[in-house]
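Novice: This is the structure I want to talk about, given as structure tokens.
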Amino acid sequence: MKTLKKTWPFHVMLLPAMIFLIIFSYIPMGGIVMAFQDYKPWLGISGSEWVGLDNFRYLFEREDSVQVIWNTLFIAVLKLIFNLVVPFVFAILLNEIRKTALQRGIQTLVYLPHFLSWVILGGILIDLLATGGLVNRVLGVFGLGPYFFLGDNDWFRFTVIVSDIWKEFGYSTIIFLAALAGIDPSQYEAAEIDGATRLKQTLHITVPSLIPILMVVGTLALGNVLNAGFDQIFNLYNPLVYEKGDIIDTFVYRTAILNGEMGFGTAIGLFKSVISMILILISYRLAYKWAGYRIF
Amino acid sequence: MYHKTTGYRVFNVFNTIFLIFLAVLCIIPLVHVLAVSFSSKAAADANLVSLWPVGFSLEAYKKTAANPLFLHSLWVSVMRTVVGTAITLLITFLAAYALSKENSVFKGRNVYSWIFVFSMIFNGGLVPFYIVIQKIGLINSFWVLVLPGAVNTFLVILMLNFFRGIPKELEEAALIDGAGHFRTLFRIFLPISLPSIATVALFSMVFHWNSWFDGLLYLNNAKDFPLATFLQTVIIQQDMSSMSVNPKEMELISQTTVKAAQIFIGSAPILIVYPFLQKYFVKGMTVGSVKG
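Quick note, the sequences are listed as chains U and P, same order.
In terms of my numbering, the first sequence opens at residue -8 and continues consecutively.
In terms of my numbering, the second sequence opens at residue 3 and continues consecutively.
As structure tokens, this is what we get:
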């Protein structure tokens, strides 16, 4: 009672956040029981028939859903790798530019796409990547194309991965630039005296100094192995590329919301949430062990 | 000195050119859209426009400004951004202050932390969420754009870390003088927290301005759409069925130059706040993701 007398303002301050979290995070979590039901909206959760693990069995028997899981993994893992490697290299290269104004200018431009939504960028890309669009016109000058970047199953994944790197690489660079700024300059001075070239300095001082942060960013990204980017895919895809381009989140939207297979949709969502949670917990554990990283 | 070697100089020239090329690549698409929006319809339809307007014309902006659906969606977007950001700021500010206390001062803090963290690492998925929104009567309501995203754990952590950086003596002095925690928070912490409040506000504004899926999912009537959802339906899906427009109005929306103008207007607010954003987000990102 005595502690409550002292801490009541804290509980009051947290009350609004708790109300929102309970309504919009925790009550929906209860709804996962629908994954074990043949849910019918007019019967509700209490009235719908229980079907055990049927929805999950169905998930692995249906050809389209297995393909969708594979697509998700493929796109997400490639994005994950490139979104580590490209910013890493870019940060090191940018760090070599000594003119501060130029460095700032480049940063300003490369961070920008991160803040525009995929609706805006999707609208722009659909226009740019059309058969008569700017990209195909430029390629045409070199005698290439035209390519159906967004209408061809072989090109679609490529387009999705490249455009995602294009949007995010600049922003992901920030973390590496911060780490670069923290390297002790005396290390470089010592190497200089020993006559090490800049390339040797980069390989033996810069890269090793960035490895811990690379490990942290990489492990924390593990939780996204089933997040292939709903906003992006949804705004770029079309029925022509469902085969290679459809991912779990877009598939759930179409089967559950548009086709009304609510129980099945919940089951796929649950499958994704559980696997993601396990991966996140593992990655937090690893990041803490290796680098002492904590979120709170 | 490595700076003086020929090898390094050659590298430096190529490196600079390469990085400038990449930087330009990041904004060329936007420049192209801007150029198309100021071009004549004929030039745009014939794919003649690249980075400079061909047959300069303001026609597209005039048509966009004459479209009541577009204007109304702009209004909805402004409203959701203002109201949503205000709610998020208040909730985040209060929660972060309490969570920034030591476990010894605030017994029970850990329980709250876990409630926040667990909401971040697990979710019920799209379908149960949709049904909850339906059950509490938010379908087709303006509030569906504002309330579900009001608490963002990332922003709470961001502000919490800022509060942790404030010297403890400041708070102790206030408490000894007899001020309660609420008074301390609003009288002493608020004025010195303006940079972190600005950071949270900017992140929240960008989030609201860019959100489109909630509008598509929970609003059935195009008249209620925020701008991002309007653009999604018109430009990406090219589906005007929910808008009940006649062929003449259709032209107001779907022409290439008009689309470009709408895209540009849709991204303009982000471009306007971008310089301020850039000032804060670097700090926000490094604080939020990695601590020593």
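Think of the CB as a built atom: it goes at the ideal place given N, C-alpha and C, for glycine as much as any other residue.
With a threshold of 16 other CB atoms inside 10 Å of the CB of residue 228 of chain P, please say whether the residue is buried or exposed.
Specialist: It is buried - the Cβ of residue 228 of chain P has at least 16 other Cβ atoms within 10 Å.
Novice: Determine, for residue 16 of chain U, whether the minimum Cβ-Cβ distance to residues of chain P falls below 8 Å.
Specialist: Judged by the 8 Å Cβ criterion, residue 16 of chain U is in contact with chain P.
Novice: Chain U partners of residue 72 of chain P, CB-CB under 9 Å?
Specialist: Correct list: empty, because the minimum Cβ distance to chain U is about 14 Å.
Novice: My understanding is that residue 205 of chain U touches residue 79 of chain U, with C-beta atoms under 8 Å, so please give their C-beta distance in whole angstroms.
Specialist: Yes, they are in contact, since the Cβ atoms of residue 205 of chain U and residue 79 of chain U sit about 6 Å apart, within 8 Å.
Novice: Kindly identify the DSSP beta-bridge partner or partners of residue 28 of chain U.
Specialist: DSSP output for residue 28 of chain U lists U:41 as bridge partner(s).
Novice: Quick one: measure Cβ to Cβ for residue 202 of chain P and residue 11 of chain U, integer angstroms, because I've assumed they're closer than 8 Å.
Specialist: Not a contact, Cβ separation roughly 15 Å.
Novice: Please report the residue range of the alpha helix (DSSP H) in which residue 83 of chain P lies.
Specialist: Counting along the chain, the alpha helix (DSSP H) containing residue 83 of chain P begins and ends at 70 to 101.
Novice: What whole-angstrom Cβ distance do residue 269 of chain P and residue 107 of chain U have, given they're in contact under 8 Å?
Specialist: Indeed, because the Cβ distance is near 5 Å, the residues count as touching under 8 Å.
Novice: For residue 12 of chain P, which residues in the same chain have their Cβ closer than 6 Å to its Cβ, ignoring the five residues on either side in sequence?
Specialist: So no residue of the chain qualifies.
Novice: Where does the unbroken alpha helix (DSSP H) through residue 189 of chain U begin, and where does it stop?
Specialist: That run of the alpha helix (DSSP H) goes 189 to 192.
Novice: Which residues mark the beginning and the end of the alpha helix (DSSP H) in which residue 61 of chain U is found?
Specialist: Taken as a continuous stretch (DSSP letters only), the alpha helix (DSSP H) holding residue 61 of chain U covers 54 to 86.
Novice: Below 8 Å between beta carbons: does that hold for residue 263 of chain U and residue 144 of chain U?
Specialist: Cβ distance not < 8 Å, so residue 263 of chain U and residue 144 of chain U don't count as in contact.
Novice: In chain U, which residues lie less than 7 Å from residue 214 of chain P when you measure between Cβ atoms?
Specialist: Ordered by position in chain U, the residues that pass the 7 Å Cβ test against residue 214 of chain P are 108 and 110.
Novice: Check the C-beta distance from residue 126 of chain P over to residue 20 of chain U and give it rounded, since I have them as a contact under 8 Å.
Specialist: Right, the Cβ-Cβ distance comes to about 4 Å (below 8 Å), so this counts as a contact.
Novice: Where does residue 141 of chain P sit, in a helix, a strand or coil, going by DSSP?
Specialist: Residue 141 of chain P falls in the coil class under three-state DSSP.
Novice: Chain P beta carbons: is any one of them nearer than 8 Å to that of residue 264 of chain U?
Specialist: Yes, contact with chain P.
Novice: So, is the C-beta of residue 144 of chain U closer than 8 Å to a C-beta in chain P?
Specialist: No, residue 144 of chain U does not count as interfacial toward chain P.
Novice: Roughly how many whole angstroms lie between the Cα atoms of residue 237 of chain P and residue 109 of chain U?
Specialist: Answer to the nearest angstrom: the Cα atoms are 12 Å apart.
Novice: With DSSP as the reference, label residue 14 of chain P as helix, strand or coil.
Specialist: In the structure shown, residue 14 of chain P sits in a helix (DSSP, three-state: H, G or I).
Novice: Just to make sure I have the definition right: I need the residues of chain P whose C-beta is within less than 7 Å of the C-beta of residue 244 of chain U. Which are they?
Specialist: Here the neighbours are 128.
Novice: Assuming residue 214 of chain P is part of the alpha helix (DSSP H), what are its boundary residues?
Specialist: Residue 214 of chain P -> no alpha helix (DSSP H), and no H or E assigned at all.
Novice: Report whether the distance from the Cβ of residue 274 of chain P to the nearest heavy atom of the ligand SAM is below 7 Å.
Specialist: Summarising the ligand content, the structure contains no ligands, and the ligand SAM is consequently not present.
Novice: Quick check on residue 295 of chain P - is its C-beta less than 8 Å from some C-beta in chain U?
Specialist: Any answer about residue 295 of chain P is impossible in this case: the structure gives chain P only from 3 up to 294.
Novice: Could you name the residues of the same chain whose beta carbon sits closer than 6 Å to that of residue 134 of chain P, not counting the 5 residues immediately before and after it, in chain order?
Specialist: No residues qualify anywhere along the chain.
Novice: Take residue 101 of chain U as the anchor and find which of P:29, P:50, P:53 and P:278 has the nearest alpha-carbon.
Specialist: Nearest C-alpha to residue 101 of chain U: P:29.
Novice: If I measure Cβ to Cβ from residue 74 of chain U and keep anything under 8 Å in the same chain, skipping five residues before and after, which residues do I get?
Specialist: Contacts found: 155, 156, 159, 160, 163 and 212.
Novice: Just checking: is the beta-carbon of residue 280 of chain P within a distance shorter than 8 Å of some beta-carbon in chain U?
Specialist: So, interface residue.
Novice: DSSP on residue 137 of chain U, reduced to helix/strand/coil?
Specialist: In this structure, residue 137 of chain U counts as coil in the three-state DSSP scheme.
Novice: In the DSSP assignment, find the alpha helix (DSSP H) that holds residue 233 of chain U and state where it starts and stops.
Specialist: It spans 233 to 236 - the alpha helix (DSSP H) in which residue 233 of chain U sits, taken as one unbroken run.
Novice: Our contact map puts residue 133 of chain U next to residue 122 of chain U with C-beta atoms below 8 Å; I'd like the distance itself, whole angstroms only.
Specialist: Wrong, their Cβ atoms sit about 16 Å apart, outside the cutoff.
Novice: Looking at the structure shown, is residue 150 of chain P part of a helix, part of a strand, or coil, going by DSSP?
Specialist: Coil, per DSSP.
Novice: Measure the CB-CB distance between residue 84 of chain U and residue 14 of chain P and report whether it falls below 8 Å.
Specialist: No. Outside cutoff.
Novice: I think residue 230 of chain P touches residue 39 of chain P, with their Cβ atoms under 8 Å apart; what is that distance to the nearest whole Å?
Specialist: Incorrect: roughly 18 Å between the Cβ atoms, too far for contact.
Novice: Buried or exposed for residue 226 of chain P, please, with buried defined as at least 16 other CB atoms from any protein chain shown within 10 angstroms of its CB.
Specialist: Flag for residue 226 of chain P reads buried.
Novice: Within the 8 Å Cβ cut-off, does residue 234 of chain P reach chain U?
Specialist: Chain U, which has a Cβ nearer than 8 Å to the Cβ of residue 234 of chain P, makes this yes.
Novice: Considering only their Cβ atoms, is the gap separating residue 86 of chain P from residue 160 of chain P smaller than 8 Å?
Specialist: Contact flag unset, no.
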